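Engineer: Dumping the structure here so I can ask a few things about it.
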Amino acid sequence: MMADESEQAVEPDWYGEPNFTIVPHWAAIAVTGVIYVPVIPLGHLPDLYLVPASFFKTDPSFKAALTESLSSFGLAEKQHDARIELRQYLLIAIQDCSEKVIRDALAMSDMVLAMFSKKAEIARMQFLHWDRRSGQAIGVVREDGIWRPILHQNRNDGPAIVIPPAPDFWDMFIGNALRGSLSELDGRLFTCMEWQREAEFSPHIIHRFAFLWIALESMLPDGECSEAAVVRRFSLVAFSPAGADSQIIRGNAAYKAFADEHPNPHNREWRKAIAEMYRYRCAILHDGATDLNSLDISSQKIQWFYQLAKQLLVWVQTLAVESLKSNEPDLANFWSDFVFSYLYSERNQNVKKHLARSQKLFAFDWENEIWPEPLF
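So the sequence shown is numbered by this note's numbering: it starts at 1168 and just counts up by one.
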């Protein structure tokens, strides 16, 4: 049955094309995936538009701003690249031109492109270039009637390496990885680093935490995926042994003497935090939890979890490297013997720094987002 004419949506006069008078702030983001589009309204107001490059051909401020944006991303207008030459634009009405608004608009717009690619199945729409972590993409924003560039942060101002580093463990590791000759512990370390890289470049804090946690679990013996196993292993790494591990240390005179000389005042806090992180990991991976405003966990606390997981990962990787340098590549032996013999002996030259970092991490008032300075 046809809806009554009065019940049908009425398109506004400006539905066909964007009106820069009605909405003062816009972002135009370069996209690829089709060689041409007409002006396509998206959403029901509409909220966004896909427009061809020719839409802006008479606007000199747009061209100048886009050239500057391309340049900041290391690209040029006249570069022989089909993606650049055949780009279109996603035009988004935004509240203002602040960094946060632009970052949020890009994240939502990426999902809009995914939805449009479902709507028009021949399209494979994506941003020409989007740095998810920084919240910047090739494009421009309109404010006060003028288009201004979205500029990429300069990442070429890092430290200078004047003298080539001497050959070390990592050269051997690189060579073995290239030749596919990694030991069991080598292989776990390689996988761990792959997930760590995913975490480093993910734009979403929950994804970063989840990837870091997967990296951590990739270092565990097969079958050790329960909460009890995870808490036991990572508490040991955090110099906060529990249960059977605590008994092993108390039963070894040398280990016990070292532990007594270097007590960790945050034993219980580490064990509690690791258990909490494990449960949150389960909520993410099994229930699909992605809501930072969940009643179960605040956005501030997930930032803290991320910092804790990142520090645990550094410690686990450091121990793995030391084990491999000692020609002990067996994963089971790593957890059953090496971690104890290294952490609770004079070989552990960083024990004071280890405990100091725990102090910094647990001095974080996550409810009020008050961080100790400096954290690391």
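Just so you know, even glycine gets a beta-carbon here, dropped at the ideal spot from N, CA and C. Here the structure is a predicted model, which means the values were calculated and not measured.
#1: When you compare each of Ile1207, Ser1236, Ser1466, Ser1348 to Ile1196 by their alpha carbons, which one comes out closest?
#2: Please list the terminal residues of the continuous alpha helix (DSSP H) segment that includes Ala1405.
#3: Please report the Cβ distance between Leu1486 and Val1404, rounded to the nearest whole angstrom; I am assuming they are in contact, meaning their Cβ atoms lie under 8 Å.
#4: For Ser1493, count the other beta carbons within 10 Å of its own beta carbon; 16 or more makes it buried, fewer makes it exposed. Which is it?
#5: Tell me whether the region 1387-1404 and the region 1304-1312 touch, counting them as touching only if at least three CB pairs, one residue from each stretch, are closer than 8 Å.
#6: Enumerate in chain order the residues of its own chain whose CB-to-CB distance from Arg1417 is below 7 Å, with the five nearest sequence positions on each side excluded.
#7: Give the DSSP bridge partners of Ala1260, in chain order.
#8: Could you give the first and the last residue of the continuous alpha helix (DSSP H) run that contains Leu1486?
#9: In the DSSP assignment, find the unbroken alpha helix (DSSP H) run with Arg1270 in it and report its ends.
#10: Around the C-beta of Lys1477, are 16 or more other C-beta atoms found within 10 angstroms, so that it is buried, or is it exposed?
#11: Helix, strand or coil for Ile1416 per DSSP?
#12: Leaving aside the five residues before and after Ser1385 along the sequence, list all residues of the same chain whose C-beta is less than 8 Å from its C-beta, in chain order.
#13: Compute the Euclidean distance between the alpha carbons of Glu1351 and Leu1383, then round it to the nearest angstrom.
#14: Out of curiosity, what's the CA-to-CA distance linking Ser1407 and Tyr1447?
#15: The beta strand (DSSP E) with Glu1163 in it runs from where to where?
#16: Per DSSP, which one or two residues make a beta bridge with Tyr1216?
#17: Three-state secondary structure (DSSP) at Arg1375?
#18: Report the three-state DSSP secondary structure of Pro1316 (helix, strand or coil).
#19: Quick one: is Val1198 buried, meaning 16 or more other Cβ sit within 10 Å of its Cβ, or exposed?
#20: How is Asp1335 classed by DSSP in three states: helix, strand or coil?
#21: Measuring only the C-alpha atoms, how far is Gln1414 from Asn1343?
#22: Tell me which residues share the same chain as Glu1184 and place their Cβ nearer than 7 Å to its Cβ, disregarding the 5 neighbours each side in the sequence.
#23: Please report the straight-line C-alpha distance between Glu1367 and Asn1434, rounded to a whole angstrom.
#24: Tell me whether Phe1222 sits in a helix, a strand or coil according to DSSP, three-state version.
#25: Which of the three DSSP states, helix, strand or coil, is assigned to Val1198?
#26: Report the three-state DSSP secondary structure of Phe1294 (helix, strand or coil).
#27: Would you tell me roughly how many angstroms separate the C-alpha atoms of Pro1432 and Tyr1445, rounded to the nearest one?
#28: Across which residues does DSSP place Gln1303 in a beta bridge pair?
#29: Can you have a look at Gln1262 and say buried or exposed, based on whether 16 or more other CB atoms are within 10 angstroms of its CB?
#30: Short of 8 Å in beta carbon distance, which residues of its chain neighbour Leu1280, apart from the five on each side in sequence? Order them along the chain.
#31: What separation, rounded to the nearest whole angstrom, lies between the Cα atoms of Ala1411 and Ile1451?
#32: Specify whether the region 1370-1378 and the region 1465-1477 touch according to this definition: at least 3 beta carbon pairs, one from each stretch, less than 8 Å apart.
#33: Buried or exposed for His1453, please, with buried defined as at least 16 other CB atoms from any protein chain shown within 10 angstroms of its CB.
Structural biologist: A quick look at the data gives this:
#1: Here the closest residue by C-alpha is Ser1236.
#2: Per DSSP, Ala1405 lies in no alpha helix (DSSP H) segment and is marked neither H nor E.
#3: About 7 Å separates the two Cβ atoms, so the contact holds.
#4: When all chains shown are included, Ser1493 counts as exposed.
#5: They do not touch, by the three-pair rule.
#6: Non-local C-beta neighbours of Arg1417 in its own chain, meaning closer than 7 Å and more than five positions away in sequence, comprise Lys1423, ordered along the chain.
#7: Ala1260 pairs with Trp1193.
#8: Taken as a continuous stretch (DSSP letters only), the alpha helix (DSSP H) holding Leu1486 covers 1466-1492.
#9: In the DSSP annotation of this structure, the continuous segment of the alpha helix (DSSP H) that includes Arg1270 starts and ends at 1266-1286.
#10: So Lys1477 counts as buried.
#11: It is helical.
#12: Close CB contacts of Ser1385 within its chain, under the 8 Å cut and outside five residues either way in sequence, are with Arg1355, Thr1358, Cys1359, Trp1362 (chain order).
#13: When only Cα atoms are considered, Glu1351 and Leu1383 end up about 15 Å apart.
#14: Near 21 Å, if we compare the C-alpha coordinates of Tyr1447 and Ser1407.
#15: The chain is shown only over 1168 to 1543; residue 1163 falls outside these bounds and no answer can be derived.
#16: As a beta-bridge residue in DSSP terms, Tyr1216 pairs with Pro1208, Leu1258.
#17: Arg1375: helix per DSSP, three-state reduction.
#18: Pro1316 falls in the strand class under three-state DSSP.
#19: Its Cβ being crowded by 16 or more others within 10 Å, Val1198 is buried.
#20: Asp1335 falls in the coil class under three-state DSSP.
#21: So the two alpha carbons sit approximately 37 Å from each other.
#22: Its chain contains Val1206 as the residues whose beta carbon lies nearer than 7 Å to that of Glu1184, once the 5 sequence neighbours on both sides are disregarded; these appear in chain order.
#23: Their Cα atoms are separated by approximately 28 Å.
#24: Residue state, collapsed to three classes: helix.
#25: Strand at Val1198.
#26: In this structure, DSSP gives Phe1294 an extended state, which the three-state scheme calls strand.
#27: Rounded to the nearest whole angstrom, the C-alpha separation of Pro1432 and Tyr1445 is 22 Å.
#28: According to DSSP, residue pairing for Gln1303 in a beta bridge involves Asp1298.
#29: Gln1262 comes out exposed.
#30: Correct list, in chain order: Val1198, Gly1200, Leu1257, Met1292, Gln1293, Phe1294.
#31: Their Cα atoms are separated by approximately 29 Å.
#32: Taking a contact to require three or more Cβ pairs closer than 8 Å, the region 1370-1378 and the region 1465-1477 qualify as touching.
#33: An exposed status is given to His1453, since fewer than 16 other beta-carbon atoms sit within 10 Å of its beta-carbon.
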